Amino acid sequence: MIPASFDYIAPTTVEEAMAALDEAGEDAKILAGGQSLLPVLRMRLADPRLVVDLGRVPELRGVRQEGDSLVIGSMTSHHEVLGDPLIREHAKLLALATRTVADPQVRHRGTFGGSLAHADPAGDLPAPALALEADMVIAGSSGRRVVPASEFFVDYFTTALQPNELLVEVRMPHWTGWGAHYEKFNRVAQAWSVVGVAAAVRTEGGAIAEARVGLTNMGPTPVRATGVEQALLGRPATSETIREAARHAAEGTSPTSDASADVDYREHLAEVLTGRALTTAAGA
Amino acid sequence: MPRITVNVDGTTYTDEVQPRTLLVQYLREQLGKVGTVVGCDTSNCGACTVHMDGHSVKSCSVLAVQADGHEITTIEGLARDGQLHPMQQSFHDNHALQCGFCTPGMIMQALDLLAENPEPDEQQVREGLEGNLCRCTGYQNIVRAVRDASERMRPGAGPPMEHSEPTSPPRTATEQDRAQVTGGQHS
Numbered sequence: 001m002i003p004a005s006f007d008y009i010a011p012t013t014v015e016e017a018m019a020a021l022d023e024a025g026e027d028a029k030i031l032a033g034g035q036s037l038l039p040v041l042r043m044r045l046a047d048p049r050l051v052v053d054l055g056r057v058p059e060l061r062g063v064r065q066e067g068d069s070l071v072i073g074s075m076t077s078h079h080e081v082l083g084d085p086l087i088r089e090h091a092k093l094l095a096l097a098t099r100t101v102a103d104p105q106v107r108h109r110g111t112f113g114g115s116l117a118h119a120d121p122a123g124d125l126p127a128p129a130l131a132l133e134a135d136m137v138i139a140g141s142s143g144r145r146v147v148p149a150s151e152f153f154v155d156y157f158t159t160a161l162q163p164n165e166l167l168v169e170v171r172m173p174h175w176t177g178w179g180a181h182y183e184k185f186n187r188v189a190q191a192w193s194v195v196g197v198a199a200a201v202r203t204e205g206g207a208i209a210e211a212r213v214g215l216t217n218m219g220p221t222p223v224r225a226t227g228v229e230q231a232l233l234g235r236p237a238t239s240e241t242i243r244e245a246a247r248h249a250a251e252g253t254s255p256t257s258d259a260s261a262d263v264d265y266r267e268h269l270a271e272v273l274t275g276r277a278l279t280t281a282a283g284a
Numbered sequence: 001m002p003r004i005t006v007n008v009d010g011t012t013y014t015d016e017v018q019p020r021t022l023l024v025q026y027l028r029e030q031l032g033k034v035g036t037v038v039g040c041d042t043s044n045c046g047a048c049t050v051h052m053d054g055h056s057v058k059s060c061s062v063l064a065v066q067a068d069g070h071e072i073t074t075i076e077g078l079a080r081d082g083q084l085h086p087m088q089q090s091f092h093d094n095h096a097l098q099c100g101f102c103t104p105g106m107i108m109q110a111l112d113l114l115a116e117n118p119e120p121d122e123q124q125v126r127e128g129l130e131g132n133l134c135r136c137t138g139y140q141n142i143v144r145a146v147r148d149a150s151e152r153m154r155p156g157a158g159p160p161m162e163h164s165e166p167t168s169p170p171r172t173a174t175e176q177d178r179a180q181v182t183g184g185q186h187s
């Protein structure tokens with residue numbers, strides 16, 4: 001199908017984009033990589049009056065270091081994330097999760113910020129962003145504000161972003177030297193996660209010094225598996241430790257039942273996949 | 001209507017398009033490049049895959065206005081002087097098509113894969129073609145064809161490929177180009 005008619009603007013600066021969004025309000029849709037928005041428009045699930053294309057705003061693209069932070073522009077494509085040496089060194093978990101997103105064509109166009117702002121509960125990047133304690137830098141008409149990932153994801157396909165706001169960049173600490181793994185379970189090629197687990201582990205002398213675990217599709221928003229993280233602290237990095245800790249994976253989650261899996265199967269998957277993700281991340 | 005200038009298969013076109021026009025529609029209906037097909041309409045099947053600035057994209061999920069100022073290569077831009085591209089020849093020689101509908105996208109994605117990984121093993125070919133579906137399920141020969149092409153396209157193995165210097169400088173579209181429109185709105 002063909003999308004319904006809309007007006008189109010392609011600003012070249014964040015200020016121009018903000019001005020367009022301010023004017024159009026809720027009638028506008030932001031176009032990042034378009035790999036979720038264009039199917040939505042084609043199926044006529046959305047009918048915006050104005051599409052604001054961020055593809056020609058160079059300042060939103062690229063990865064850099066700023067002090068203790070790794071800064072990823074919201075319009076950095078998945079393909080660019082995968083090839084970026086800073087991300088490989090300081091946020092390996094993000095690269096590993098990005099590798100599992102959709103397919104190569106979609107990864108060429110789709111963007112990191114677009115995936116986060118879309119907030120699909122089955123999307124693969126919100127959980128690592130949560131686990132890696134990312135901060136979202138959001139531009140609005142009254143300036144910029146910073147929202148931690150733990151407050152950014154509000155509900156199904158809903159974030160803290162207001163209609164006239166724009167996700168500019170994502171900042172996260174350096175996770176240099178942490179072991180990492182993203183374990184994704186799906187049934188067919190290029191499919192969304194039935195459940196996914198993002199794990200990062202820092203070991204010290206054979207023991208787990210710190211751990212971060214984020215879950216994909218175990219509720220309307222990504223979930224941090226704090227029970228698992230705490231059960232690992234200070235314990236030897238062995239398969240027994242991990243198996244015991246993984247039992248806490250589904251605590252506090254609220255997954256749905258759908259054609260892919262029932263609630264109890266998702267809870268089972270969370271435990272099994274957490275075990276696998278931690279085993280690889282910790283090298284156990 | 002927005003005006004766009006796009007280089008498609010070595011020829012520069014300037015056209016007015018509606019913002020909602022998909023790149024694949026523009027290619028087929030305004031330029032007559034009907035070698036690129038629409039398969040699924042849900043961004044799954046990859047039949048509409050083309051290259052945008054050297055990277056594969058699903059042209060049903062790109063607006064024509066987003067292609068303004070960019071370079072597009074379609075399946076129709078691969079053959080040189082009447083000679084099939086080695087990837088096309090490999091698909092032919094390995095019987096890598098049944099109904100043929102997925103073939104243009106398969107070939108464009110296979111070329112993208114080889115640009116990243118010139119000698120993929122079987123598993124890597126399957127993963128590289130993850131975004132392309134063959135409804136005839138003819139994957140065995142497709143994988144075989146891509147691995148065969150990777151042999152043929154090794155440096156020194158054959159004539160220059162897609163990414164080599166163009167044999168003639170880019171030119172601007174003539175009325176003759178447009179007269180070749182045979183699909184889309186005219187079919």
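Line order of the protein sequences matches chains A and B. In terms of the UniProt record's numbering, the first sequence opens at residue 1 and continues consecutively. In terms of the UniProt record's numbering, the second sequence opens at residue 1 and continues consecutively. Glycine included, every Cβ here is placed at the ideal spot set by N, Cα and C. Since the model is a prediction, treat every value here as computed from it, not as a measurement.
Cβ-based neighbour list, residue i, same chain, cut-off 7 Å, excluding 5 preceding and 5 following
i: A/E169; result: V71, I72, G73, S74, V137
i: B/E165; result: Reliability of the predicted coordinates at B/E165 is poor, the pLDDT of 45 falling under 50, and no value is obtained from them.
i: A/H90; result: L70, H174, W175, T176
i: A/N186; result: W192, S193, V194
i: B/V6; result: Y13, A67, D68, H70, I72
i: A/A281; result: G179, A180, H181, A199, A200, V201
i: A/S141; result: M18, D22, N164
Range covered by the beta strand (DSSP E) that runs through residue i
i: A/A139; result: 135-140
i: A/L166; result: 166-173
i: A/K29; result: 28-31
i: B/T73; result: 71-73
i: A/P146; result: For the sequence presented, residue 146 of chain A should be read as Val rather than Pro. It spans 143-148 - the beta strand (DSSP E) in which A/V146 sits, taken as one unbroken run.
Chain-order list of residues whose beta-carbon lies under 6 Å from that of residue i (same chain, five-residue window excluded)
i: A/R61; result: G73, M75, T76
i: A/L41; result: P3
i: A/E267; result: A250
i: A/R56; result: A10, T12
i: A/S115; result: G123, L125
i: A/A231; result: A245, H248
i: B/V146; result: A110, V125
i: B/G100; result: none
Residues that residue i bridges to, as DSSP identifies them
i: B/Y13; result: B/V6
i: A/I72; result: A/V63, A/V170
i: A/R202; result: A/E210
i: residue 194 of chain B; result: Outside the shown range of chain B (1 to 187) lies residue 194 of chain B, about which nothing can therefore be said.
i: A/T158; result: A/D155
i: residue 313 of chain A; result: The structure shown does not extend to residue 313 of chain A, since chain A is modelled only from 1 to 284, so the question has no answer here.
i: A/D53; result: A/L31
i: B/Q83; result: B/R80
i: A/R224; result: A/G214
i: A/G196; result: A/K184, A/T216
i: A/S257; result: In DSSP, A/S257 forms no bridge with anything.
i: A/P236; result: A/A207
N-terminal and C-terminal residue of the alpha helix (DSSP H) that residue i is part of
i: B/Y139; result: 139-152
i: A/H181; result: Here A/H181 belongs to no alpha helix (DSSP H); instead the beta strand (DSSP E) covers 179-185.
i: A/T13; result: Taken as a continuous stretch (DSSP letters only), A/T13 belongs to no alpha helix (DSSP H), as it is neither H nor E.
i: A/E271; result: 263-282
i: A/A245; result: 239-246
i: A/V101; result: From DSSP, A/V101 is part of no alpha helix (DSSP H); its letter is neither H nor E.
i: A/P85; result: 85-90
i: A/H118; result: 112-118
i: B/M106; result: 103-116
Same chain, Cβ closer than 8 Å to residue i, five either side skipped, listed in chain order
i: A/A117; result: I30, A32, S74, T159, L161, L167
i: B/H163; result: Bear in mind that a pLDDT of 48 at B/H163, under 50, signals an unreliable position, so the number given afterwards is only what the model happens to contain. So the list reads G54, A115, once near-sequence residues are dropped.
i: B/A179; result: The predicted position of B/A179 is uncertain, since its pLDDT is 44 and thus under 50; no value can be drawn from it.
i: B/V65; result: P2, I4, V17, P19, T21
i: A/A20; result: I9, P11, A28, L50, V52
Segment contact, 8 Å Cβ cut-off, at least three pairs: the segment 141-149 of chain A with the segment 229-244 of chain A: no
Touching by the beta-carbon criterion (3+ pairs, under 8 Å), the segment 130-143 of chain B and the segment 70-77 of chain B: no
Sufficient close CB pairs (3 or more, under 8 Å) joining the segment 122-130 of chain A to the segment 82-102 of chain A: With the cut-off at 8 Å, the segment 122-130 of chain A and the segment 82-102 of chain A touch.
Residues of the segment 260-273 of chain A with Cβ closer than 7 Å to any Cβ of chain B, in chain order: none
Inter-stretch contact at 8 Å, needing at least 3 Cβ pairs: the segment 252-259 of chain A / the segment 212-225 of chain A: yes
Proximal residues, the segment 28-41 of chain A versus chain B, C-beta separation under 7 Å: G34, Q35, L38, P39
Segment contact flag, the segment 266-281 of chain A with the segment 196-203 of chain A, C-beta cutoff 8 Å, min 3 pairs: yes
Short-range partners of chain A found in the segment 129-159 of chain B, where Cβ spacing is below 7 Å: E130, G131
Segment contact flag, the segment 104-114 of chain A with the segment 198-213 of chain A, C-beta cutoff 8 Å, min 3 pairs: no
Validate contact between the segment 59-73 of chain B and the segment 42-51 of chain B using beta carbons, cut 8 Å, 3 pairs: In short, these stretches touch, since the Cβ pair count reaches three.
Inter-stretch contact at 8 Å, needing at least 3 Cβ pairs: the segment 44-51 of chain A / the segment 5-22 of chain A: yes
Interface residues of the segment 77-105 of chain B facing chain A [CB-CB below 8 Å]: none
Interface residues of the segment 105-120 of chain A facing chain B [CB-CB below 8 Å]: Q105, V106, H108, R109
Stretch pair the segment 16-28 of chain B + the segment 81-95 of chain B: three plus CB contacts closer than 8 Å: no
Selection of the segment 4-25 of chain B by Cβ proximity to chain A, strictly under 9 Å: Q18, P19, R20, T21, L22, Q25
Short-range partners of chain B found in the segment 2-29 of chain A, where Cβ spacing is below 8 Å: I2, P3, A4, S5, F6, D7, Y8, A10
Against chain B: residues of the segment 47-58 of chain A by CB proximity under 7 Å: Listed by position, the residues of the segment 47-58 of chain A near chain B (Cβ gap below 7 Å) are V51, D53, G55.
Members of the segment 88-105 of chain A near chain B, C-beta cut-off 9 Å: Residues passing the 9 Å Cβ filter: A102, D103, P104, Q105.
Against chain A: residues of the segment 31-58 of chain B by CB proximity under 8 Å: D41, T42, S43, N44, G46, T49, M52, H55, S56, V57, K58
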